[in-house]
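**Q** Under full-length UniProt numbering, the sequence shown has 284 at position 284, and the numbering climbs by one with no breaks.
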Amino acid sequence: MNPMFSDHGQEHLSSPILFLNCGCRLTNPSYLRRRVPRIDSFSARSQQKGRQDGLGKLFVALAAGLVCRRQVPDCAALSRVAQPADSNSDLVDVWHVHRAPILLVVLVVLGAARIYLHINGQKTELIALKRKFEEPPTPKAVIEVKTPAAVETIDEKKDVKTQGPRRIKGGLARKPSKNKEEEKDLARPVTILIFFSSITTKTDKIAQAYLKELEGKLEQLSKQSGRQFHKPELRDLTEIDFDDYFIAPSKSHGDVDLFYLFLIPSYNIDTINDTFLEHLQETHHDFRIDTAPLSGLLGYSVFGFGDKENWPTEGEGFCFQAKEVDKWMAKLTGRKRAYPVGMGDMKSDHEQRLQEWTGGVEEIIEHVARTGNLGEGLPGSGAAEESDVEDIAEDEDDGEVLFEDDETDDTKKKTNGRPLDDVEDLGRMIRKDDNSTGTQKAPLAIDFTTYGSSTKKTAPQGPKEMVAKNSPTYAALTKQGYAIVGSHSGVKTCRWTKSALRGRGSCYKFSFYGINSHQCMETTPSLSCSNKCVFCWRHGTNPVGTTWRWVVDPPDLIFDGVKTNHYKKIKMLRGMPGVRAERFAEAMQIRHCALSLVGEPIFYPHINEFLGMLHAERISSFLVCNAQHPDQLAALKAVTQLYVSIDAADKESLRKIDRPLHRDFWERFQRCLDILREKRFRHRTVFRLTLVKGFNVEEEAEGYARLVEKGLPCFVEIKGVTYCGTSTSSNAGLSMSNVPFYWEVCDFVKALEKRLKEKGLKYGIAAEHAHSCCILLASERFYVDGKWHTLIDYKKFFDLLEERGPDGDWTPEDYMGEATPEWATWGNGGFDPRDDRVDRKGRKIAAS
1 MNPMFSDHGQ
11 EHLSSPILFL
21 NCGCRLTNPS
31 YLRRRVPRID
41 SFSARSQQKG
51 RQDGLGKLFV
61 ALAAGLVCRR
71 QVPDCAALSR
81 VAQPADSNSD
91 LVDVWHVHRA
101 PILLVVLVVL
111 GAARIYLHIN
121 GQKTELIALK
131 RKFEEPPTPK
141 AVIEVKTPAA
151 VETIDEKKDV
161 KTQGPRRIKG
171 GLARKPSKNK
181 EEEKDLARPV
191 TILIFFSSIT
201 TKTDKIAQAY
211 LKELEGKLEQ
221 LSKQSGRQFH
231 KPELRDLTEI
241 DFDDYFIAPS
251 KSHGDVDLFY
261 LFLIPSYNID
271 TINDTFLEHL
281 QETHHDFRID
291 TAPLSGLLGY
301 SVFGFGDKEN
311 WPTEGEGFCF
321 QAKEVDKWMA
331 KLTGRKRAYP
341 VGMGDMKSDH
351 EQRLQEWTGG
361 VEEIIEHVAR
371 TGNLGEGLPG
381 SGAAEESDVE
391 DIAEDEDDGE
401 VLFEDDETDD
411 TKKKTNGRPL
421 DDVEDLGRMI
431 RKDDNSTGTQ
441 KAPLAIDFTT
451 YGSSTKKTAP
461 QGPKEMVAKN
471 SPTYAALTKQ
481 GYAIVGSHSG
491 VKTCRWTKSA
501 LRGRGSCYKF
511 SFYGINSHQC
521 METTPSLSCS
531 NKCVFCWRHG
541 TNPVGTTWRW
551 VVDPPDLIFD
561 GVKTNHYKKI
571 KMLRGMPGVR
581 AERFAEAMQI
591 RHCALSLVGE
601 PIFYPHINEF
611 LGMLHAERIS
621 SFLVCNAQHP
631 DQLAALKAVT
641 QLYVSIDAAD
651 KESLRKIDRP
661 LHRDFWERFQ
671 RCLDILREKR
681 FRHRTVFRLT
691 LVKGFNVEEE
701 AEGYARLVEK
711 GLPCFVEIKG
721 VTYCGTSTSS
731 NAGLSMSNVP
741 FYWEVCDFVK
751 ALEKRLKEKG
761 LKYGIAAEHA
771 HSCCILLASE
781 RFYVDGKWHT
791 LIDYKKFFDL
801 LEERGPDGDW
811 TPEDYMGEAT
821 PEWATWGNGG
831 FDPRDDRVDR
841 KGRKIAAS
């Protein structure tokens with residue numbers, strides 16, 4: 001057996017170094033026989049001396065390398081004999097033979113060089129880092145332990161910036177003014193917005209006149225100062241969304257500076273002023289909104305109109321709402337009151353006082369145009385402390401403590417420029433101030449306790465009366481012919497009642513539903529309304545409101561009061577020329593109640609009890625609502641006929657015509673239509689559309705058809721507006737030109753009927769009353785045997801009510817009356833043939 005493959009030879013040839021260094025000799029058998037035993041013997045001796053030592057393998061490898069190194073010529077010669085010459089293979093062979101000693105020599109040389117440099121090398125100066133340890137040590141200063149010195153040392157460390165978390169400093173940091181920023185501010189144009197409210201149009205006319213006067217003066221001021229002024233704009237508080245102007249400065253005008261002016265009359269009834277003041281107060285107390293969200297305004301000023309005849313002094317209420325607006329605007333703007341609130345008496349000196357106020361405002365506007373601020377001592381000028389002093393009572397009313405954020409330059413100097421970084425620093429500042437030399441005042445103690453003005457405030461009063469007997473509202477309504485019952489109800493005799501007593505025709509209710517006008521009582525348990533419709537007959541003097549917050553009269557007091565006052569008014573007509581005796585006798589027994597006089601009857605908290613009293617005496621009820629109180633509508637119980645006023649087909653038209661006070665008026669409107677759809681199989685439901693030419697007549701019938709499709713009422717009354725000829729109507733822009741002709745109403749009804757049929761809705765023209773400019777569309781549910789049955793069987797209604805109760809289950813068809821009389825159907829005019837038609841002077845008109 002060949003010795004290289006013996007067990008002893010395999011053990012030593014397994015060494016990688018030995019095998020690789022001798023790999024070139026494996027093809028020469030004589031070499032292997034001559035060399036391997038020598039290596040084996042050497043290896044055996046090394047293992048015998050110390051097999052556990054790791055140096056044995058290293059010696060074996062070095063010995064094999066030396067043996068192979070001495071035999072390089074023989075290896076090369078044998079390679080040349082065994083195969084052709086190849087330069088690349090020769091180099092590889094040479095590397096395999098010499099690599100171990102080469103690497104060993106290189107390592108030895110590098111190690112020797114490192115040791116030499118470490119022992120004999122020169123130490124060089126560091127360039128990148130300064131060697132502080134070579135600097136001579138500085139002697140430590142001896143510090144005397146004294147309390148003032150310790151405090152000073154702490155104060156000095158305040159200026160050292162640490163790497164800890166950032167501390168948020170309280171208050172508004174005022175940035176130092178820069179010339180470039182000031183020039184940029186002065187380059188922005190100025191827009192002045194004039195806000196006003198008006199019920200009797202007086203304030204509106206004053207605002208319109210002032211707007212024209214201000215336009216001319218701003219043009220002159222723009223030429224003199226070089227500052228650009230846009231045309232001033234007028235804003236009626238009843239027509240704007242408060243969020244657009246009073247949560248933040250209006251952004252609809254672009255990059256401009258805004259200046260707000262207010263012309264506010266004061267009323268002791270609920271008007272848009274109350275809604276506006278409530279919005280300002282809620283904005284101020286809303287924690288989600290900044291403390292002064294309107295601080296971006298240049299400034300503001302308020303002028304109030306009042307009546308000293310009824311409120312002689314400010315304490316008694318003279319211009320009280322203007323003062324409230326000024327108070328809340330001061331809080332929302334950060335005290336940017338440009339000019340003191342002005343006040344004028346509408347019956348004496350309001351023109352003179354207004355002229356004085358406008359002159360002062362114009363001077364301020366001129367100053368703002370030149371400097372960009374309100375002047376010395378006012379916010380925006382850098383020293384707001386003097387003008388920020390407000391009465392303590394203002395803040396006591398809110399129950400909150402105000403902290404001033406701004407400081408004047410003089411105040412800042414007193415603090416030596418020391419910022420209050422944390423609560424802990426407050427104690428250090430107090431200790432330092434206590435040990436001062438007396439040049440500074442001692443710090444003021446901060447007391448966060450609030451004290452109410454118990455000595456000034458009387459006991460909390462209960463809800464006030466809606467229409468007090470000593471109020472101007474009471475006087476205005478009684479002058480218009482209303483009898484005020486309790487504190488919030490009223491009754492009035494309708495002109496159709498007078499006409500029916502004289503045999504000169506009845507209203508459309510008789511033609512459509514068989515109601516005798518002379519036995520009809522027109523009343524309301526709530527004089528307050530949630531709308532300010534442009535066509536309202538009530539001269540704009542009735543109260544308005546969105547929530548009930550007055551004294552609530554019991555329903556029996558209202559019921560007895562309205563009946564008593566109605567009968568009084570009927571008795572006053574007994575001497576009127578032409579009154580028929582039989583009808584006068586019938587009129588002394590009320591058979592119907594129209595809850596549509598004024599206001600919002602459904603707003604009364606006890607409306608169901610009041611309806612129950614009417615029905616108990618077999619008085620039918622027609623209740624009209626403005627679709628602004630869905631919760632009360634849903635809770636309504638039995639009623640003979642339920643009306644909903646539909647004055648517009650879309651949101652913007654409804655805002656313009658009805659002028660609702662609720663901010664979510666359209667959502668409320670839609671909910672009421674849904675509720676009416678649910679009640680259509682329990683109540684006789686009616687849509688009343690009032691057409692106002694120039695507002696909603698020109699609109700396509702498509703919008704109204706969608707509303708009818710949504711509510712599916714039993715009937716749709718389309719009526720032209722009646723012009724009342726008051727200043728309130730002129731304020732809304734109404735005149736006789738806004739009253740549609742009867743043929744225009746007919747065309748509109750035909751178009752609406754056609755559109756409803758195209759939608760698959762079964763409605764038709766059932767009746768008309770040309771004298772009232774009114775036409776009735778009815779559902780085909782009331783078209784029986786080829787005839788319309790729009791009349792009501794009142795006896796059957798009361799029988800059902802007594803039998804099944806107000807929550808009973810019945811349908812409108814159950815108390816449907818006889819067929820509509822021929823003279824009341826479409827194309828016949830609807831005038832009662834029993835009566836005589838007369839002209840304006842009372843002369844009879846021959847029947848055509």
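Each residue gets a CB set at the ideal place from its N, CA and C atoms; glycine is no exception.
Between residue 600 and residue 566, is the Cβ-Cβ spacing less than 8 Å?
**A** No, these two residues do not count as a Cβ contact at 8 Å.
**Q** Which residue from 264, 247 and 271 puts its Cα closest to that of residue 287?
**A** Nearest option by C-alpha distance: 247.
**Q** Smallest Cα separation from residue 690: which of 831, 720, 276 and 260?
**A** When only C-alpha atoms are compared, the closest one is 720.
**Q** Identify every residue that forms a DSSP beta bridge with residue 594.
**A** DSSP lists 522 and 622 as partners of residue 594.
**Q** Would you mind reading off the limits of the beta strand (DSSP E) that contains residue 262?
**A** Segment 257 to 265, the beta strand (DSSP E) holding residue 262.
**Q** Ordered along the chain, which non-local residues of its own chain (more than five positions away) have a Cβ less than 8 Å from that of residue 276?
**A** Correct list, in chain order: 197, 237, 242 and 325.
**Q** For residue 326, which three-state DSSP category applies?
**A** Three-state result, residue 326: helix.
**Q** If you drop the 5 nearest sequence neighbours on each side, which residues of the same chain put their C-beta closer than 7 Å to that of residue 284?
**A** Closer than 7 Å at the Cβ level, and outside the excluded window around residue 284, lie 328, 331 and 332.
**Q** Quick one: what's residue 229 bridged to in DSSP?
**A** Paired residues: 190.
**Q** Put residue 247 into one of helix, strand or coil per three-state DSSP.
**A** Coil at residue 247, not helix or strand.
**Q** When the Cα of residue 686 is compared with those of 371, 206, 716 and 836, which residue comes out closest?
**A** Of the candidates 371, 206, 716 and 836, the one whose C-alpha sits nearest the C-alpha of residue 686 is 716.
**Q** From 262, 707, 214 and 347, pick the residue whose C-alpha is nearest to that of residue 366; which is it?
**A** Checking every option, the nearest Cα to that of residue 366 belongs to 214.
**Q** Tell me whether residue 766 sits in a helix, a strand or coil according to DSSP, three-state version.
**A** In this structure, residue 766 counts as strand in the three-state DSSP scheme.
**Q** Can you give me the C-alpha to C-alpha distance between residue 517 and residue 495, rounded to a whole angstrom?
**A** Distance between the alpha carbons of residue 517 and residue 495 is about 9 Å.
**Q** Work out the CA separation of residue 322 and residue 468 for me, nearest whole Å.
**A** Residue 468 and residue 322: Cα-Cα distance of roughly 22 Å.
**Q** Considering only the alpha carbon of each residue, which of 368, 829, 563 and 235 lies closest to residue 775?
**A** Per the Cα distances, 829.
**Q** Verify whether the separation of the beta carbon atoms of residue 789 and residue 764 is less than 8 Å.
**A** No, Cβ-Cβ distance for residue 789 and residue 764 is not below 8 Å.
**Q** Kindly identify the DSSP beta-bridge partner or partners of residue 718.
**A** 689 and 775, per the DSSP bridge assignment.
**Q** Straight-line CA distance for residue 639 to residue 502?
**A** Their backbone Cα atoms lie some 30 Å apart in a straight line.
**Q** So what does DSSP say about residue 559, is it helix, strand or coil?
**A** Residue state, collapsed to three classes: helix.
**Q** Between the Cα of residue 795 and those of 619, 762 and 608, spot the shortest distance and give me the residue it belongs to.
**A** Nearest of 619, 762 and 608 to residue 795, Cα basis: 619.
**Q** For residue 218 and residue 306, what's the separation of their Cα atoms in angstroms?
**A** Each residue's alpha carbon lies about 28 Å from the other.
**Q** Pull the bridge partners of residue 576 from the DSSP assignment, please.
**A** The partner list for residue 576 (beta bridge, DSSP) is empty, contrary to what the question assumes.
**Q** For the alpha helix (DSSP H) holding residue 365, just list the boundary residues, first then last.
**A** That run of the alpha helix (DSSP H) goes 350 to 371.
**Q** Let me check understanding here. Comparing Cα to Cα, which of 597, 347 and 351 lies closest to residue 309?
**A** Minimum Cα distance to residue 309 is reached at 347.
**Q** Could you check where the beta strand (DSSP E) with residue 484 kicks off and where it finishes?
**A** Unbroken beta strand (DSSP E) run through residue 484: 483 to 485.
**Q** Using the rule of at least 16 other Cβ atoms within 10 Å of the residue's Cβ for burial, across every protein chain shown, is residue 90 buried or exposed?
**A** Result: exposed.
**Q** Indicate the three-state DSSP secondary structure (helix, strand or coil) for residue 495 in the structure shown.
**A** Note: residue 495 maps to helix in three-state DSSP.
**Q** Could you say which of 696, 481, 739 and 682 lies nearest to residue 712 if we only look at CA atoms?
**A** Checked all of 696, 481, 739 and 682; the closest Cα to residue 712 is 682.
**Q** How many whole angstroms separate the CB atoms of residue 485 and residue 558, which I take to be in contact at a CB cut-off of 8 Å?
**A** Right, the Cβ-Cβ distance comes to about 6 Å (below 8 Å), so this counts as a contact.
**Q** Cβ of residue 303 within 8 Å of Cβ of residue 354?
**A** Contact: yes.
**Q** By a C-beta neighbour count over all protein chains shown, 10 Å radius and 16 as the cutoff for buried, is residue 118 buried or exposed?
**A** With fewer than 16 Cβ atoms within 10 Å of its Cβ, residue 118 is classed as exposed.
**Q** Got a sec, what are the start and stop residues for the beta strand (DSSP E) residue 345 sits in?
**A** Its beta strand (DSSP E) spans residues 342 to 345.
**Q** Using only alpha-carbon positions, find the residue among 583, 335 and 520 that is nearest to residue 492.
**A** Looking at the Cα atoms, 520 is the closest of the given residues.
**Q** Closest by CA to residue 258, which one among 216, 205 and 192?
**A** Nearest C-alpha to residue 258: 192.
**Q** Quick check: what's the CA-CA separation for residue 229 versus residue 245?
**A** Each residue's alpha carbon lies about 19 Å from the other.
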